[in-house]
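Report on the following structure.
Chains as they are written, first to last, in my numbering: chain V, 11 to 462; chain Y, 16 to 232; chain A, 8 to 568.
As structure tokens, this is what we get:
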């Protein structure tokens, strides 16, 4: 990423979208909308002081909503460019309220609430589409109860939970536990605020709240409005303390998730959704199970799949090592249903096709290996550029010219073509750049000839 | 950078400064990113180990092992086993070693000098040509012959360095050196003559009936 | 030698790496510790030193604090040293006055459960890094011109042909060397290509015509590369051809030597007639299947995913399904059963073909490797692991799906080019994920089944990709070499004995006559900086830039004292 940002021959237009395409292979004219960041790119140092002070908390899309960010934010910590952006959907100032805290905080004077979208026109010889894919939304599969059962998560959510820079700093805490912990935190914050208010009253009237409360209940200070507020606050504080107690007790027993179930082909190889195989999910489930085991050696994982497709270089050996060293069990079978058991534990019902029996098993957490869904961005881009899509909405290519789209001069690579893993995406990126370079070379040649 | 960069003198110097153990992990033979760096590393470590053992160090303190960059678990095992070994040997110059501290450090200083100077380094460098293409007379050595020669050279070179070390403290007679260093006097005389020829040692004078030698400035 | 009068001012940047380091080590203590070290003028902690904010902090500190050495204690030089080096350069500091200390991969990640010990080890590492940094000397990159803007492609199969055409179309000269009489490689023996059922013969013909007519491509068939001398941009290659030996100047090399199909001698009664391989069935299908052959049984994973060959060869399942479909098309009465362990029909097209085959009546039976199928006269017995019972299948023809294995001469190619192979004998790329088409050695690239079994789509993509990678030095016209190489630091000490020359694995050293007598000379672009020569020299005349004896000793002393 940083290499791209620093490369002398690469002009990086982040937070921008293609609006229009004209011309043809060797001589395209592209109109790009550079969206307003409300932050001046050349002034922002990426120090992040603004987001510390910003009062508006928003769910963090990068951490798939598992954490929070502010209304002024950078997409993620190592992002390039590190320029921050104001989210106009949530920013108080841009919504017409009074705020502007970020502008006051920013020493570089980079905040500019008046910034507008800009349209730029670029002349290029060739185009490479690398718009990627979308994560399949598993809530369409009702029997898996994703979103109903908190401890059923997608692979990408689990990836964030395992990540050291993720919302749990790499401890695979269960979402249900995280929710409880968040609740405790919120209640404690509230209790703290009430405590401060009560102390003020105690100081004002030089009396302990408990003594006061007794008198108040006995009917003293009947028409004293100020003291009524004290009594109310005191009662509320006690109520909160009472509520927190049992929750805290429950939270004491929380550990990381140790019994994991990985369910393969969620939305893939499924006629209701995507009939194709998403290719890389078997390997990322194995990888996540191995990493979870590295973090907590008591972790056991069960991977439910029809076939475990470990077809890349070194993959089969990796799969076997996972089974031998990382407590992974591979079960051939499709999961019929997930229900919620005690302690928010998901219970998985499946057919073990080797033993030909229907079984149920309780886990701490279930991870859904979601399909590689053709990207909405890819569809939009394809329509805009006038390139054809295949029946699933991946970009249409031919096996014998694997990175050529149906329009000359426009090439494609990565998961916009089909589900691909990292090494294949990287080789394809090189392939696409080769084809693009050929076009540019030929058109330069023509120009030279024309000049001569 | 490669294990092939490992210099015997640097290894000896580290032990002289109190290192308790050194594990070198190189690639498997044939898999070296620098083609033969690991072969050279092993040859150097093997001879260095002999020199250090001669100085009284437990030879298990210096190990050469192999694993590939893809074998994390093998690496962990290698390191854990070595770590355990070194802990069982205890600090350098303790029960685990033939020569005890502080004397061992003096011996290691001599070993470092031997591995810095010409003769042993030349032999190490010549190992591959001697075993594969032969010496200038075209004689190819067997591993066994080579090792026997090396053992002999180590003993001699260590004694030479001890004599040089002894003379560093002041001019001495052959008899005196022989007694202090526990080396037969005729050997001391032979080394002194050789060192005189190389202009490293010179006659200072005669004390009674004993000629006294000193380091050339 | 660093100028003695120079006032050394080291800046130490301690990276939290989010919580990758800060979560397991006491970074505040590290910061306080670093401040106590000799020559350290400035210490700061960053959430991510590699983020643009962190980089700016380094640049500003070099300027504002007058730093003349920079130490970053963070992840690993493997991924981040180039970035930090170039950041120093951008701030006007020679990039080789930078030293990286690995406190993540080799410390915080290793000692996740022992904060105190981990922190104390990180202190040792930082102290060592600072000790070395003080002795660092500025270096200048070595720039070497590409003398021959010409590529050598070894292997004339689909991977090599694709790469050759791509480079030719970009205007570079290509020398394509094929050991067989005819270009085409494995494709010459194939029938139809899945999933589009394109005729392999037609495709080969078309590619060969393009190559033959191409003004930029020279083809040598029945030829082998016998010797490669030199380095990126400046190779001298010996080619043995049917009409004599050729010597060619080459700039870059692409290895596209492909693989071959494992022949299952002694397995499942293989006889090449009634029990044959998938490759042989391709030939049978090409000629036309005998209508009398009604019952066909295919067995997957023959000779792969076992002790001897633990890998899954990726393309055998799709080949089997493709051939099963072609069989049912040629002979609609035929009953094809595929005995498998896992059907590796990854991706969009394969899964479609898999489904299509089921519609066409191909049967799939999962077998257990512990109870493999048995081939008998006219039938195959198998334990159906999903039904849990033995069953007999009639078999007029048994087809064994055997893996693609490395070429028999892969080790020879590996030696000539000094590039490595992996544990299965396939060529080993520079990085399995991030540099799939490069070798670790500059100037040499790879594609196709020489790297790992690949289907037609993947092979074509890799051929194009390798061409793209190889074109970079050709189009730039020069190569920049890292100056961390051997140097004759003490010319007077060198006796020109040649001990080092004999041990140099890259032929990067030679003894030359000089005014001062015979002295060793380092051919800098050939040197990879392995250090064997410096570790051997009994005169201590050779040294390695940025890894001098003095610097290494300073690190050891810092660690032990």
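For glycine and all other residues, C-beta sits at the position ideal for the given N, C-alpha and C. Please read these numbers as outputs of a predicted model, since none were measured by experiment.
1) Are the CB atoms of residue 182 of chain V and residue 267 of chain V within a distance shorter than 8 Å?
2) Evaluate residue 379 of chain V with the Cβ neighbour count: other Cβ atoms within 10 Å of its Cβ, from every protein chain shown; 16 or more gives buried, anything less gives exposed.
3) In terms of alpha-carbon separation, which member of A:416, A:283 and A:319 lies closest to residue 304 of chain A?
4) Which residues, taken in chain order from the segment 390-418 of chain V, show a beta carbon closer than 9 Å to some beta carbon of chain A?
5) May I ask you to list, following chain order, the residues of the segment 22-49 of chain Y that have a beta carbon less than 7 Å from some beta carbon of chain A?
6) Taking only three categories from DSSP, how would you classify residue 438 of chain A?
7) Check the Cβ of residue 167 of chain Y against every Cβ in chain A and list those closer than 9 Å, keeping chain order.
8) Let me know the secondary structure DSSP gives residue 540 of chain A once reduced to three states.
9) With a Cβ-Cβ cutoff of 8 Å, do residue 396 of chain A and residue 286 of chain A count as a contact?
10) Which one or two residues does DSSP pair with residue 252 of chain A in a beta bridge?
11) Let me know if residue 20 of chain Y comes out buried or exposed under the rule of 16 or more other beta-carbons within 10 Å of its beta-carbon.
12) Is the shortest distance between the beta-carbon of residue 469 of chain A and the beta-carbons of chain V less than 8 Å?
13) Measure the beta-carbon distance from residue 548 of chain A to residue 501 of chain A and round it to whole angstroms, keeping in mind my assumption that it falls under 8 Å.
14) What residue ranges within the segment 233-263 of chain V form continuous beta strand (DSSP E) runs of no fewer than 3 residues, ordered along the chain?
15) Taking 8 Å as the cut-off, decide whether the C-beta atoms of residue 328 of chain V and residue 402 of chain V are in contact.
16) Taking 8 Å as the limit between beta carbons, can you name the residues of its chain near residue 405 of chain A, skipping five residues before and five after?
17) Rounded to whole angstroms, what is the Cα-Cα separation between residue 218 of chain A and residue 227 of chain A?
18) Measuring straight from C-alpha to C-alpha, what distance separates residue 567 of chain A and residue 75 of chain Y?
19) Show which residues of chain V have a CB atom less than 7 Å away from the CB atom of residue 352 of chain A.
20) Indicate the three-state DSSP secondary structure (helix, strand or coil) for residue 328 of chain V in the structure shown.
21) Please identify the residue among A:260, A:163, A:175 and A:488 whose C-alpha is closest to the C-alpha of residue 189 of chain A.
22) Along chain Y, which residues have their Cβ under 9 Å away from the Cβ of residue 425 of chain A?
23) In chain order, what residues of the same chain have a beta carbon less than 7 Å from the beta carbon of residue 373 of chain V, not counting five sequence neighbours either side?
24) Going along chain A, which residues have a C-beta under 9 Å from residue 126 of chain V?
25) With a CB to CB cut of under 7 Å and the five nearest residues on each side skipped, what residues in its chain are close to residue 201 of chain A?
26) Spatial neighbours of residue 102 of chain V within its chain, please: CB distance less than 8 Å, with the 5 preceding and 5 following residues excluded, ordered by chain position.
27) Anyone know if the C-beta pair for residue 176 of chain Y and residue 128 of chain Y falls short of 8 Å?
28) If you measure from the CB of residue 205 of chain V, is any heavy atom of the ligand SAM nearer than 7 Å?
29) Taking beta-carbon pairs under 8 Å, can you tell me which members of the segment 552-565 of chain A lie near chain Y?
30) Would you say residue 82 of chain Y reaches chain A, if we count a Cβ-Cβ gap shorter than 8 Å as a contact?
31) Any Cβ of chain Y within less than 8 Å of the Cβ of residue 477 of chain A?
32) How many angstroms separate the CA atom of residue 298 of chain V from the CA atom of residue 322 of chain V?
33) Using the beta-carbon count (16 or more within 10 Å), is residue 386 of chain V buried or exposed?
34) Is the beta carbon of residue 440 of chain V less than 8 Å from the beta carbon of residue 476 of chain A?
35) Between which residues of its own chain and residue 276 of chain V is the CB-CB distance below 6 Å, once the five residues before and five after are set aside?
36) Note the first and the last residue of the continuous beta strand (DSSP E) segment covering residue 34 of chain V.
In this structure, then:
1) yes
2) buried
3) A:283
4) 400, 402, 404, 407, 408, 409, 410, 411, 412 and 413
5) 22, 25, 28, 29, 32, 33, 34, 46, 48 and 49
6) strand
7) Within 9 Å Cβ-Cβ: nothing; residue 167 of chain Y doesn't reach chain A, min ~18 Å.
8) helix
9) no
10) A:247
11) buried
12) yes
13) 4 Å
14) none
15) no
16) 275, 276, 281, 282, 283, 303, 304, 305, 306, 382 and 387
17) 12 Å
18) 20 Å
19) 287
20) helix
21) A:163
22) 50
23) 269, 270, 271, 355, 356 and 358
24) Within chain A, no residue comes near residue 126 of chain V; the closest Cβ sits about 25 Å away, beyond 9 Å.
25) 325, 329 and 360
26) 65, 66, 81, 108 and 109
27) yes
28) Within the structure as shown, the ligand SAM is missing, as the structure has no ligands at all.
29) 554, 556, 559, 560, 563 and 564
30) no
31) no
32) 17 Å
33) exposed
34) yes
35) 148, 378, 379 and 380
36) 26-34
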